[in-house]
Amino acid sequence: MEHPKLGPTQALIMHRALDEAGGFSVVVGPPRECKAARLLNSKGFLSRDKVRADLYFATGKAKAAFAGWVYQPDVDSGVIVETIAPGETVTQLQVVGGASDLAIIIRRAQGLFDDGDYDAAMMLASGAYDQAKAAAGYARRMQASEQLISKALRMQADALLIESRAKMALADEYDHAQAAGLVAVQGRPKKVSDENLFRLEDVGLSKAKVFEARKLRDAEVREPGFIERVVETRVAEGLEPSRAVLKKEAGHAIGTKSASKDERGDQLYETPVEATRTLLALESFSGIVKEPAVGRGAILRVLEDAGYDVLISDLRDRDVVTRDGELQQVGDFLHSQPGDTEGTDIVTNPPYGDVANAFLAHALKVHKPRKMAALLNLNFMCGFEDPDRVFLMHDNPPSRVYVFSRRLPMMHRDGWDGPKASSQMNTAWFVWERNDEGFYGLGNGTFETIRVDWQRYQSAPLLAPGVGGHAGPIVFDYLDDEDYTRTTPRKSLDERIEEEFMRAILWMKHLEPFDIVKFRQGVGLRTSVATALIDTFVAEGLVEPAGDGAWMASGKGINMIATVGAVEGVKALRAGRTLDEAFA
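The following block contains the structure:
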C-alpha cells in the first residue's frame, strides 16, 4: 500500500500522533512543528483540540491512510545538514561526497516544497544555492571544464527556483494571515493566542524579503513562467543564475504600466539629466527656448548649464524659478498663445498619455517653433487613429528621431516613493525642424532615425546655443561602428597597435587585474584594437591570466612598465616638466 508523502517534520508529528500508547495525540512545540501540524490538519490527517491550540489528534482518515506505515527518520546517506533554529540563517552546510550530495539536498528541498513545508524548503534551498554558487565560482577560477561549470550552474539554478517559489508561497501565507488578523504586531492586543500568530522570524523572513517575494510573485502572475524563463535563459547562456539577476528582472515589472489613471495624476515624469545632455550634444537651439512642461525643472537646469535662457511654464505651480529669477508661468498649454515668442524653439518632455498628441500638435500649429525637441515613448512613431498623431507624424513629420539604444534611467512619476527600478520604456528624442519652404520635416514625408547611446555623450561637448543646426552622432575611436563620413585614411590595425602600445603599457602601472571592457574603456580604444593589444601582450609574455576572463601584468610586464615609464619620464623632464609631474 502506498502511503502519503510527508516532509521530515510532518512525518515525525504523524508518527507521534499515530502512537496508540499516547492516545493518538501529539503536542507540538517549536514553530516548525506548529506549521507542520497545521498542514496535516488541512489535509485531514489531524484534528485540533478545541481548547488547547498545541494539541492535535490523529483522525480516522490518518489511521486508514497510514495503516502499515513505518516511520523512518530522515537520514539521507551522505548528507548532513545542521539544525536551523527559528530566526537564524544557514551558517554551514556540510556536504559529504561533493556535487552528487548537493543534488540530494536540492531534491530534499523540492520534496519539502511539494509537501508544503515552505520554510524548511526555503532554508535548505538557500543553503544549496550558496554552496552551488561557491562551487561555480571556484570552478571558474580554477579554469575547470565547461561541463563542471555547467553542472554547478545547473544546481545553482535548481536551488534558486525552489528558494524563489518557497519565498513566494510564504509571502502568500503571510498576506493571508495578515488579512485574517493573525500576524504578530508589536503592541497588538492579544486577541489571538501566540500559537496561532504568524511571525516572519519563525520562517526566516524579514519585511524586506517579503517585499521582494511579492515582487517575484507579481511578476510571475503578470508573466506566467517568468522566474523559470529568467533562470533557464541565464543557464543556457553560460551565465550565473543569481538572486541579484532575478531581483533586477522582477524589478522591470515595476513601471508606468502598473500605475492607475488616478495614480498617474498630471503625468509628471522627471527627465533624466542623461537624456537632455545627449540632445544638447547633438542639436543646437535658439538662444532662448521654451519649456512648457517644466515640472520641477529637470530639463531647465541642463539647458541653463549649457547657456540657454529658458521661458518656463506648467499646468501646475511648483514655484520653479530660472537662474535669472523668472518665476514659472502657470496654465494649460493647450490654451496658450505665443504672443511675441512665436517661432521660439521648444525643448520639452510633454505629459505622457493621450494628451501628448494634443500638446505637441498645439505647439506646432500655434507656437510654430523653428525647432522643437520632445522626449517620447518610441511607440509615438506608430498610431493612426488620433488626428493629432497623424498631424505630427504624417502631415508634419519630425526631421530626426534619436533612438536611445540603451534604456534611460527610470523616470518615476512625481511623488513616487516606492522602490526604484530600471526603465521598461524605449524612448527617443523627436526633433521637428522647419525647412526652407516653411514646413516641418525633410520635405519628402520621411525622417532620419539615428541610434544613440546616452552613456557615450555624458562627457561630450555641447553644441553652442543660438547657432542652430545639428551634429552627427559621435563616433569614438574605440567604437566598433564604422564611420563612413571620414575623409582621412583609416590606420591599419598594426599601425594602431604600434601607436597605442606604450600608452597601454603605462595604463597597467597600477598592477590591478583587468578585463577587455575595463582595458578598452581605461585606455580609450576600439574593441578590435584592445583585443589585438591584449593578444600581443600575451604573445610577448607581458600579461598572464588572473581568472574570470581577467588579466594582469606578469613579471616581464612589470619590467616593461618600469622601462616605458622611465623613458616617458625622461621625455617629460626634457619638455620642462617637474620631477613630480614627470613620474606621477
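Using this note's numbering, the first residue of the sequence shown is number 280, and each one after it goes up by one.
For glycine and all other residues, C-beta sits at the position ideal for the given N, C-alpha and C.
query	result
Residue environment, C313, which counts as buried when at least 16 other CB atoms sit within 10 Å	buried
Among V330, P551 and G618, nearest to F683 - alpha-carbon criterion	P551
Helix, strand or coil at R295 [DSSP, three-state]	helix
First through last residue of the beta strand (DSSP E) which encompasses R327	L325 to R327
Test item: CB-CB of F742 and A707 under 7 Å	According to the sequence as given, residue 742 is Leu; it is not Phe. Cβ distance not < 7 Å, so L742 and A707 don't count as in contact.
Cβ separation of A382 and L391, assumed to be a contact under 8 Å, to the nearest whole Å	At roughly 15 Å, the Cβ-Cβ gap does not stay under 8 Å, so A382 and L391 are not in contact.
Segment limits, beta strand (DSSP E) that includes F638	No beta strand (DSSP E) contains F638, which is instead part of the alpha helix (DSSP H) from V634 to H641.
CB-CB length for A436 against P520, believed under 8 Å	4 Å
Segment contact, 8 Å Cβ cut-off, at least three pairs: the stretch 451-458 with the stretch 410-421	no
Cβ pair V822, G803 closer than 7 Å	no
Beta-carbon separation (whole angstroms), V510 vs L439, contact threshold 8 Å	6 Å
Cα-Cα separation between A560 and W733, rounded to whole angstroms	10 Å
Of the residues A411, I776, V609 and F793, the one placed nearest G828, counting alpha carbons only	F793
C-beta atoms of D624 and K644 nearer than 7 Å	no
Cα-Cα separation, G347 to I384	28 Å
Burial state of V609, where buried means 16 or more other Cβ atoms lie within 10 Å	exposed
Paired residues, beta bridge with M831 - DSSP	E823
Unbroken stretches of the alpha helix (DSSP H), 4 residues or longer, contained in the stretch 595-656	634-641
Spatial distance of N675 from E727 (CA atoms)	14 Å
Buried versus exposed, by CB contacts within 10 Å (16 or more), F659	buried
Cβ pair count under 8 Å reaching 3, the stretch 281-291 against the stretch 306-325	yes
Contacting residues, own chain, Cβ-Cβ under 8 Å from Y719 (five flanking each side not counted)	L643, N675, P676, P677, S678, W711, E712 and R713
7 Å Cβ cutoff met for D333 and V307	yes
Own chain residues within Cβ distance below 6 Å of K412, not counting five before or after	Q435
Given L285 as reference, the closest of F345, G301 and Y335 once Cα atoms are compared	F345
Classification of H282 by the beta-carbon crowding that lies within 10 angstroms, buried from 16 upward	exposed
Burial state of D598 (16 or more Cβ within 10 Å)	exposed
L319 (DSSP reduced to helix, strand or coil)	helix
Per-residue DSSP class, three states only, for Y417	helix
Under the three-state DSSP convention, the category W708 falls into	strand
Same chain only: Cβ atoms within 7 Å of Y736, ignoring 5 sequence neighbours per side	R556, T557, A560 and I753
Cβ-based burial, Y587 [other Cβ within 10 Å; buried from 16]	buried
Sequence-distant residues of its chain with Cβ nearer than 7 Å to P648 (five each side left out)	G622, T623, D624, I625 and A642
Alpha carbon of A832 to alpha carbon of L790, nearest angstrom	6 Å
Contacts around F816, its chain only, beta-carbon distance under 6 Å, and the 5 residues preceding and following it disregarded	V822
Nonlocal neighbours in the same chain, by C-beta distance under 6 Å from F709, ignoring five residues either side	A653, L655, P677 and V680
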